[in-house]
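Just so we're aligned, residue 0 is where the sequence shown starts under numbering that gives the first Met the number 0, counting upward by one.
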Amino acid sequence: MPAMQPVELWKETGREQTMGETLIHLPDQDWRSGTVLGPTHEEVITDIVRTFVSSYKHLPINLYQIQTKFRDEKRPKSGVLRTREFLMKDAYSFDVDLEGLNASYDKMYAAYCRIYERCGLPYVSVEADSGAIGGDVSHEFMVATDAGEDTLVKTVDGSYAANVERAEVATLPDPGCDGQQPVEEVHTPGLKTIDEVSRFLHFKPSDMIKTLIYEAEYYDLAKESQADMRAAEQVRSGRLSAAAGGSFSEIIAVLIRGDHDANEAKLTKVLGATTLKLADEHEIRNATGAEKGFSGPVGLETRIIADHAVAVMHNAVTGANKTDYHITGVNPGRDFELKEVADIRYAVEGDRAPNGQALEFEKCIEVGHVFKLGTKYSDAMKATFLDQDGKSRPCVMGCYGIGINRIMAAAIETHHDDAGIIWPMPVAPFHVLICCLDIKNDEVSRTCRQIHDTLESHGVEVLLDDREVRAGPKFKDADLIGIPIRITVGQRSLKDGLVEVKNRDSDDVQKLLPDKAIEEVRCRVRDALAQLHCEQI
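Structure follows, in structure tokens:
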């Protein structure tokens, strides 16, 4: 499928706005006006299907590719873990109904599990936030490593796992209170941050209510989703304001405990918003009457959404909606109404999962993601089919992606030592490395070539190091690039008719006759692949 895509397809689904600056726009020219580089291919594949699929008889289908993607990462880093250009295997399923989608999803999920097992990756599957791709259900495949940029949240007993954007938090118990203090206004000149105010007033950050002012936008209000109907009703009541391009916006106050952080993925889902961004200073002043850093829920007429942890606070400190002032003794329910309470923060150390089990956190690499898209794209792009009764219905979609670059990175990060890489056999660039120590010696050279050709004829992937360099650098390079099995051939061993066989992940060296070495290596490669359910040699 094309790397260069017409932006009109992205406008059909509203994702030109959702992707924001991540979507790379090419400079307009006569032949490519309105062209973007594809970060993913949901729009393109849906356009193909709506053109060629017209009947239930054509479904189900699953179309896939392995192709380069482009995303305008602001801070590309960590080798191939985060880049602007990367390889992805992406697949897209189309079914007649939800039951069909569930079947396709389960098949792809199981296939991905087998792929990661065969790659030798210690992966874990977790519930995930669908982000800009969309859909109601998704799972990520994670590999735990300190080099990862993502965070895996799971219970100690393994009964619950999710990425940090999706991780649910059990409602904190009410700690109780000896009594409710009166609200008192305190002068806090120039003190805007949680740390500054808590130090000045001798409170802990956990005793403060952080009030964040957001602007939420809603698109395509003509659709009959619950979130859109709610937004449409708020437009009619005057609560939301119309914006350019048929979208609508709303200013919202979000309440988070001072030592917690707002989870915008959760918040966006709770709101049913299309996009979400922090309000600018002008919008904050209009909503609260004060400068940024002095916002609070007491007396605020803006819509308020509070996190569960805020709902059980007592005698808290928060902004006074008056520049250079905060108030103490604030009690939710008494001093401001709790109309909307939800889990809208990131999980932190000490939290518990919904099942009551303690949560622990691990750094990890995301190597794959699968989504149940439903009719998000087929509705927007009118990808329909005629069912058995001749009625037009939207295709029910799923999408599935494997980060090929990240598989390589995850394999290296989870299989290495101080000397270099230790490749898992199925993804190693070669199964075997032959180190020829005396390349100018005819017997050594002939033996190396014989071992190489024989192994290769049996389907073993072999690399012959016939460089004219000393043994030390050859061994160093062998350890660095990490080919699983090394065969060393030199004059000294050949005097006794032997060669050396060594696994990269072991210090044990076995001396064998060349023919025996060939058979031993074949067995080692075969056993390693069989253990990971791969094709055998």
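Glycine is no exception: its CB is placed at the ideal position from the N, C-alpha and C atoms.
It should be emphasised that the depicted structure is a prediction, and the values quoted were computed from it without experimental measurement.
For GLU42, the nearest candidate out of LEU80, PRO59, LEU100 and TYR91 (CA to CA): Counted from its first residue, the sequence shown places residue 42 at position 43. Ranking LEU80, PRO59, LEU100 and TYR91 by Cα distance to GLU42 puts TYR91 first.
message: For PHE384, count the other beta carbons within 10 Å of its own beta carbon; 16 or more makes it buried, fewer makes it exposed. Which is it?
response: Sequence index remark: in the sequence shown, residue 384 carries index 385 (1-based). Answer is buried; the Cβ neighbour count reaches 16.
Status (buried if at least 16 other CB within 10 Å, exposed otherwise) for LYS3: The residue labelled residue 3 in the question sits at position 4 within the sequence shown. The sequence given here places Met at residue 3; Lys does not occur at that position. Under this definition MET3 is an exposed residue.
- request: Tell me, please, whether the region 338-356 touches the region 190-205 by the rule of three or more beta-carbon pairs shorter than 8 Å.
  value: Segments in contact, no.
message: Report the start-end ranges of each alpha helix (DSSP H) in the region 130-195 that is 4 residues or longer and not cut off at the edges.
response: none
message: For ASN320 and SER294, which I take to be in contact (beta-carbon distance under 8 Å), what is that distance rounded to the nearest angstrom?
response: For the purposes of this step, residue 320 is identified with residue 321 of the sequence shown, where counting begins at 1. For the purposes of this step, residue 294 is identified with residue 295 of the sequence shown, where counting begins at 1. Correct: roughly 6 Å between the Cβ atoms.
task: Pull up the distance between the alpha-carbon of GLY271 and that of ARG392, whole angstroms please.
output: Here residue 271 corresponds to residue number 272 of the sequence shown, with the count starting at 1. Here residue 392 corresponds to residue number 393 of the sequence shown, with the count starting at 1. Those two C-alpha atoms are separated by around 24 Å.
- prompt: Going along the chain, which residues of its own chain have a beta-carbon closer than 6 Å to the beta-carbon of ALA409, five neighbours each way excluded?
  reply: Here residue 409 refers to the residue found at position 410 of the sequence shown. Within the same chain, ALA409 has close Cβ partners LEU120, VAL142, ILE364 and VAL366.
- prompt: So ILE482 is in the alpha helix (DSSP H); what residue range does that whole segment cover?
  reply: The residue given as residue 482 occupies position 483 in the sequence shown. Careful: ILE482 lies outside any alpha helix (DSSP H) and carries neither H nor E.
task: Could you work out which residue in ILE433, MET407 and GLN356 is closest to MET423 when comparing CA atoms only?
output: Within the sequence shown, the letter at position 424 stands for residue 423. One point to set straight first is that residue 423 is Pro, not Met, in the sequence displayed. Measuring from the Cα of PRO423, the nearest candidate turns out to be MET407.
- request: Classify HIS451 as helix, strand or coil using the three-state DSSP reduction.
  value: Within the sequence shown, numbered from 1, the residue matching residue 451 stands at position 452. Correct three-state label for HIS451: helix.
The region 94-108 / the region 367-387 touching (three or more Cβ pairs under 8 Å): yes
- request: Whole angstroms is fine: what's the gap from CYS434's alpha carbon to CYS118's?
  value: Taking the first residue of the sequence shown as 1, we reach residue 434 at position 435. Taking the first residue of the sequence shown as 1, we reach residue 118 at position 119. Their Cα atoms are separated by approximately 26 Å.
message: Tell me the DSSP secondary structure of GLY397 in three-state form.
response: Counting from one through the sequence shown, the residue named residue 397 turns up at place 398. Of the three classes helix, strand and coil, the one that applies to GLY397 here is strand, per DSSP.
Straight-line gap, ASP388 to GLU249 (C-alpha atoms, nearest Å): As a position in the sequence shown, residue 388 is number 389, starting the count at 1. As a position in the sequence shown, residue 249 is number 250, starting the count at 1. The alpha-carbon atoms of ASP388 and GLU249 are separated by roughly 43 Å.
task: Assign PHE474 to one of three DSSP states: helix, strand, or coil.
output: As a position in the sequence shown, residue 474 is number 475, starting the count at 1. Of the three classes helix, strand and coil, the one that applies to PHE474 here is helix, per DSSP.
query: What residues are listed by DSSP as bridge partners for PHE360?
result: Position 361 of the sequence shown, counted from the start, is the residue given in the question as residue 360. Per DSSP, VAL152.
query: Counting along the chain, where does the alpha helix (DSSP H) carrying ASP526 start and finish?
result: Within the sequence shown, residue 526 is the residue found at index 527, counting from 1. Element bounds for ASP526: 513-530.
message: Give me, in chain order, the residues of the same chain whose beta-carbon lies closer than 8 Å to that of ASP259; leave out the 5 immediate sequence neighbours on both sides.
response: Your numbering for residue 259 matches position 260 in the sequence shown. The residue asked about is misnamed: residue 259 is His in this sequence, not Asp. Excluding its 5 nearest sequence neighbours in each direction, HIS259 has C-beta neighbours in its own chain below 8 Å: LYS209, ASP306, ALA308, ARG344, TYR345 and VAL347, listed in chain order.
message: Using only CA atoms, which one of PHE69, GLU116 and LYS56 lies nearest to THR34?
response: Position 35 of the sequence shown, counted from the first residue, corresponds to residue 34. Nearest of PHE69, GLU116 and LYS56 to THR34, Cα basis: PHE69.
field: VAL431, DSSP secondary structure in three states
entry: Counted from its first residue, the sequence shown places residue 431 at position 432. VAL431 falls in the strand class under three-state DSSP.
- request: Enumerate in chain order the residues of its own chain whose CB-to-CB distance from ALA243 is below 8 Å, with the five nearest sequence positions on each side excluded.
  value: Taking the sequence shown and counting its residues from 1, one reaches residue 243 at position 244. Note that ALA243 scores 47 on pLDDT, short of 50, meaning its location in the model is unreliable; the coordinates nonetheless yield the value given after this. Counting only Cβ-Cβ distances below 8 Å, and skipping sequence neighbours, we find nothing.
field: Supposed contact pair VAL498 and SER505 - C-beta distance, whole angstroms, cut 8 Å
entry: Here residue 505 corresponds to residue number 506 of the sequence shown, with the count starting at 1. Here residue 498 corresponds to residue number 499 of the sequence shown, with the count starting at 1. Not confirmed; about 17 Å, so no contact.
task: Would you check if there are 3 or more beta carbon pairs closer than 8 Å linking the region 325-334 to the region 178-186?
output: yes
field: Residues bridged to GLN66 [DSSP beta-bridge criterion]
entry: Residue mapping note: residue 66 aligns to position 67 of the sequence shown, counting from 1. For GLN66, which the question treats as bridged, DSSP gives the partners MET87.
query: Quick one, are the C-beta atoms of ALA160 and ARG351 less than 7 Å apart?
result: In the sequence shown, counting from the first residue as 1, residue 160 sits at position 161. In the sequence shown, counting from the first residue as 1, residue 351 sits at position 352. It is not a contact, given that the beta carbons lie outside the stated cut-off.
Under the three-state DSSP convention, the category SER224 falls into: The count along the sequence shown starts at 1 and reaches residue 224 at position 225. Because SER224 carries a pLDDT of 44, less than 50, the predicted location of this residue cannot be relied on, and the following value inherits that uncertainty. Coil at SER224, not helix or strand.
query: Tell me the DSSP bridge mates of LEU462?
result: The residue given as residue 462 occupies position 463 in the sequence shown. Beta-bridge pairing links LEU462 to LEU432.
query: Would a C-beta distance cut-off of 7 Å place PHE93 and CYS398 closer than the cut-off?
result: Within the sequence shown, residue 93 is the residue found at index 94, counting from 1. Within the sequence shown, residue 398 is the residue found at index 399, counting from 1. Not in contact: PHE93 and CYS398 (Cβ atoms no closer than 7 Å).
query: Pairing CB atoms from the region 467-482 with CB atoms from the region 410-429, are three or more of them under 8 Å?
result: yes
message: Rounded to whole angstroms, what is the Cα-Cα separation between LYS501 and ASP156?
response: Position 502 of the sequence shown holds residue 501. Position 157 of the sequence shown holds residue 156. Using only the alpha carbons, I get a separation of about 38 Å.
- prompt: For GLN28, which three-state DSSP category applies?
  reply: Along the sequence shown, one-based indexing puts residue 28 at 29. In the structure shown, the three-state DSSP call for GLN28 is coil.
task: Consult DSSP for GLN490 and reduce its assignment to one of helix, strand or coil.
output: For the purposes of this step, residue 490 is taken as the residue at position 491 of the sequence shown. If DSSP states are grouped into helix, strand and coil, GLN490 belongs with the helices.
message: Check this for me: beta carbons of ALA382 and ARG14, under 7 Å apart or not?
response: The count along the sequence shown starts at 1 and reaches residue 382 at position 383. The count along the sequence shown starts at 1 and reaches residue 14 at position 15. For the pair ALA382 and ARG14, the CB atoms are not nearer than the 7 Å cut-off.
message: For a test of your reading of the model: does the CB of GLN16 fall under 6 Å from any non-hydrogen atom of the ligand FAD? Yes or no.
response: Questions concerning the ligand FAD fall outside what the structure shown contains, since it holds no ligand whatsoever.
message: Run through the DSSP bridge pairs and tell me what LYS510 is partnered with.
response: For this step, residue 510 is matched to residue 511 along the sequence shown. LYS510 is bridged to GLU499.
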